[in-house]
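In our numbering, the protein residues as written are 166 to 775.
Written out as structure tokens, the structure is:
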């Protein structure tokens with residue numbers, strides 16, 4: 166390498182001193198101490214003077230000064246000034262390493278300005294010198310910048326591929342975090358896309374990642390099958406980076422398999438229909454796994470039908486060897502366990518008490534919560550852009566506790582988000598009258614009558630509903646909903662989107678009747694949408710004739726799915742389990758929350774909402 170000229174050496178030293186001494190304000194951030202105007206003014210000409218001096222040098226000698234000045238200005242938040250300095254670089258005269266630094270700096274400036282497509286354009290591999298001329302530090306910056314930009318434009322696969330290319334440049338400690346990032350991206354891809362990616366590539370390392378993600382996705386509800394396939398994958402891909410450092414979720418899978426409970430107690434009111442449905446569904450999932458060759462725990466049933474105080478029975482189950490207790494189901498029993506500070510073993514209660522907190526960290530609560538359903542529906546309507554809602558629910562005289570809870574929780578979350586409740590009406594069997602009140606049609610008719618009396622002749626006018634409602638929240642059983650939805654259209658409100666409680670859907674083969682529900686939006690369990698997975702025999706063995714019982718059936722199967730996976734849900738905020746009753750996540754106070762599938766009725770048949 167040629168030695169620098171004396172003039173260039175002096176300028177470089179000056180530039181470093183100026184960077185060290187500068188106290189200028191950066192970007193739009195407020196300084197921690199009051200700025201001294203004289204110092205700020207003095208620093209700005211110094212940078213400009215440096216650039217002027219560089220302008221008097223030959224291009225090859227000025228290049229490192231321009232690059233250093235651009236980096237300094239970027240660090241100070243002067244992105245425009247940094248770009249101007251970069252524009253002065255003589256591109257043709259740059260050595261490969263300096264050209265790479267200049268392009269990386271330009272891309273970092275684009276990233277700071279939230280211009281991801283410009284980042285990708287600048288860092289197009291065709292623009293850069295050959296990879297063999299790049300240092301490890303430069304390659305690391307290159308792949309990180311491109312990965313973040315790909316995420317910003319929604320190119321999940323491309324972002325994962327950048328991180329896969331980055332991986333061999335990292336230390337083992339950094340690789341663990343990088344593998345987690347790769348995994349999170351692949352874990353969001355649909356199963357069919359993963360299959361297509363795996364079949365379309367001959368590149369060894371990406372193909373290994375796709376195959377590993379396919380194992381997690383294909384057998385998400387079957388831990389034993391996942392473990393078998395994971396061991397096969399590790400044998401086939403023994404030299405793969407992910408085999409040396411497994412993604413945290415797959416590491417946790419191996420841990421959960423080793424530590425899962427060997428004996429489980431099931432506390433259910435077997436003398437009730439709902440206790441029987443849940444118990445049958447639980448054991449159906451148990452035998453389905455056993456048939457596939459999976460390991461299953463010893464199950465002991467404890468009937469809670471006539472139990473007043475659940476605590477002695479809970480203690481008995483522990484003394485008889487239970488390592489995990491599932492149940493109880495009754496609210497009063499769950500309330501009793503909430504007061505206990507030492508439950509001894511993890512306990513998955515099959516109900517949840519809204520707004521209450523357990524004293525024991527071993528108590529989890531999993532229920533078909535009306536509040537969870539209505540809150541999700543409120544957020545869905547809000548996300549769809551609605552802000553002014555009219556609410557129609559059964560009259561409180563019906564003593565429908567679930568309907569009241571759904572209504573009240575919807576209102577609470579809606580108003581908390583900033584939405585307005587413009588009308589709140591109830592119905593018994595007077596659907597048309599209730600809808601007319603809600604839409605203020607009765608007021609329009611009264612005005613028409615008064616005008617007719619005033620003029621002494623009949624006044625005929627087109628009825629008009631109120632125009633300020635942009636969505637309707639409906640709580641109704643199927644029979645009522647089949648009359649209410651058509652009545653809305655008849656009363657000039659057929660264009661208002663209807664978001665309904667899942668009660669509207671009967672899950673029976675009544676396509677002709679259910680055409681009256683066309684267009685209604687509601688959240689539903691995947692089990693009612695035909696997503697049976699490996700549990701299809703359950704429908705044949707235990708056929709259900711109502712949506713409510715089918716939801717209980719899905720709930721019972723998910724109780725079995727959860728028994729070895731509670732720690733998985735605690736592994737991170739984005740941890741989830743695909744279940745028959747919904748996607749299962751851990752919410753506040755160790756409540757298991759079900760994320761429902763948004764559904765609608767089209768031509769009398771239920772479909773997932775596009």
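Here a beta-carbon is modelled for each residue, glycine too, at the ideal position from N, C-alpha and C. It should be emphasised that the depicted structure is a prediction, and the values quoted were computed from it without experimental measurement.
Alpha carbon of residue 769 to alpha carbon of residue 559, nearest angstrom: Roughly 23 Å between the two C-alpha positions.
Test item: CB-CB of residue 325 and residue 304 under 8 Å: Taking the C-beta atoms as reference points, residue 304 is found no nearer than 8 Å to residue 325.
Cutoff 6 Å; reference residue 589; Cβ partners in own chain excluding five residues on either side: Annotation for residue 589: 556 place their beta carbon closer than 6 Å to its own, counting only its chain and skipping 5 residues before and after.
Range of the contiguous beta strand (DSSP E) that encloses residue 530: Element bounds for residue 530: 528-531.
At least three beta-carbon pairs within less than 8 Å, the region 474-481 to the region 454-463: The region 474-481, when compared against the region 454-463, does not touch it at the 8 Å Cβ threshold.
Pair within 8 Å by beta-carbon distance, residue 418 and residue 724: In this structure, residue 418 sits away from residue 724, with a CB-CB distance that is not shorter than 8 Å.
Burial state of residue 775 (16 or more Cβ within 10 Å): With a 10 Å radius around the Cβ and a threshold of 16 neighbouring Cβ atoms, residue 775 comes out exposed.
Contained beta strand (DSSP E) runs [length at least 3] in the region 616-686, N- to C-terminal order: You should have 636-639, 663-665.
Cβ pair residue 517, residue 756 closer than 8 Å: Yes.
Residue 318, buried or exposed, once every other Cβ within 10 Å from all chains shown has been counted against 16: Answer is exposed; the Cβ neighbour count stays below 16.
Burial state of residue 690, where buried means 16 or more other Cβ atoms lie within 10 Å: Under the 10 Å beta carbon count, residue 690 is surrounded by 16 or more other beta carbons and is classified as buried.
Among 597, 604, 261, 720, the one whose alpha carbon lies nearest that of residue 587: It is 604 whose Cα lies nearest to the Cα of residue 587.
Residue 552 and residue 457 closer than 8 Å at C-beta: No, the pair does not count as a contact, with Cβ atoms beyond the cut-off.
Nearest-angstrom Cα separation, counted from residue 347 out to residue 362: Cα to Cα, the separation comes out at about 15 Å.
Residues bridged to residue 591 (per DSSP): In DSSP, residue 591 forms a bridge with 558.
Contact between the region 418-434 and the region 704-713 (3+ Cβ pairs under 8 Å): Flag = no, the region 418-434 and the region 704-713 do not touch.
Reference residue 291; option with closest CA among 510, 740, 600, 268: For residue 291, the closest of 510, 740, 600, 268 by C-alpha to C-alpha distance is 268.
Under 8 Å between C-beta atoms of residue 262 and residue 298: Contact: yes.
Where the beta strand (DSSP E) through residue 763 begins and ends: In the DSSP annotation of this structure, the continuous segment of the beta strand (DSSP E) that includes residue 763 starts and ends at 762-767.
Environment of residue 373 [buried if 16+ CB atoms lie within 10 Å]: Looking at its Cβ environment, which holds 16 or more other Cβ atoms inside 10 Å, residue 373 is buried.
Buried/exposed call for residue 526, threshold 16 Cβ in 10 Å: Answer is exposed; the Cβ neighbour count stays below 16.
Distance CB(residue 293)-CB(residue 729) smaller than 8 Å: With respect to the 8 Å criterion, residue 293 and residue 729 are not classified as neighbours on the basis of their beta carbons.
Identified DSSP bridge partners for residue 748: 743, 760.
Buried versus exposed, by CB contacts within 10 Å (16 or more), residue 693: Looking at its Cβ environment, which holds 16 or more other Cβ atoms inside 10 Å, residue 693 is buried.
Sequence-distant residues of its chain with Cβ nearer than 8 Å to residue 270 (five each side left out): Within the same chain, residue 270 has close Cβ partners 232, 235, 236, 239, 247, 251.
Strand pairing of residue 490, partner residues [DSSP]: DSSP lists 430, 512 as the beta-bridge partner residues of residue 490.
Helix, strand or coil at residue 770 [DSSP, three-state]: The three-state secondary structure of residue 770, taken from DSSP, is strand.
From 468, 687, 629, residue whose alpha carbon lies closest to that of residue 659: Taking each of 468, 687, 629 in turn and checking the Cα distance to residue 659, the smallest one comes out for 629.
Pairwise C-alpha distance: residue 264 and residue 289: Between residue 289 and residue 264, the C-alpha separation is close to 13 Å.
DSSP-derived helix/strand/coil call for residue 728: Correct three-state label for residue 728: coil.
Segment limits, alpha helix (DSSP H) that includes residue 447: 438-456 is the extent of the alpha helix (DSSP H) around residue 447.
Bounding residues of the alpha helix (DSSP H) (the contiguous stretch that carries residue 307): Where residue 307 is concerned, the enclosing alpha helix (DSSP H) starts and stops at 301-317.
For residue 284, the three-state DSSP class (helix, strand or coil): In the structure shown, the three-state DSSP call for residue 284 is helix.
Beta-carbon contacts of residue 758 that lie in its chain and below 7 Å, excluding the five residues immediately before and after: For residue 758, where only same-chain residues beyond five positions count, the Cβ hits under 7 Å are 537, 750, 752.
Through-space distance from residue 308 to residue 342, alpha-carbon basis: Here the C-alpha atom of residue 342 lies approximately 15 Å from the C-alpha atom of residue 308.
Buried/exposed call for residue 115, threshold 16 Cβ in 10 Å: Not covered by the structure: residue 115. The range shown for the chain is 166 to 775.
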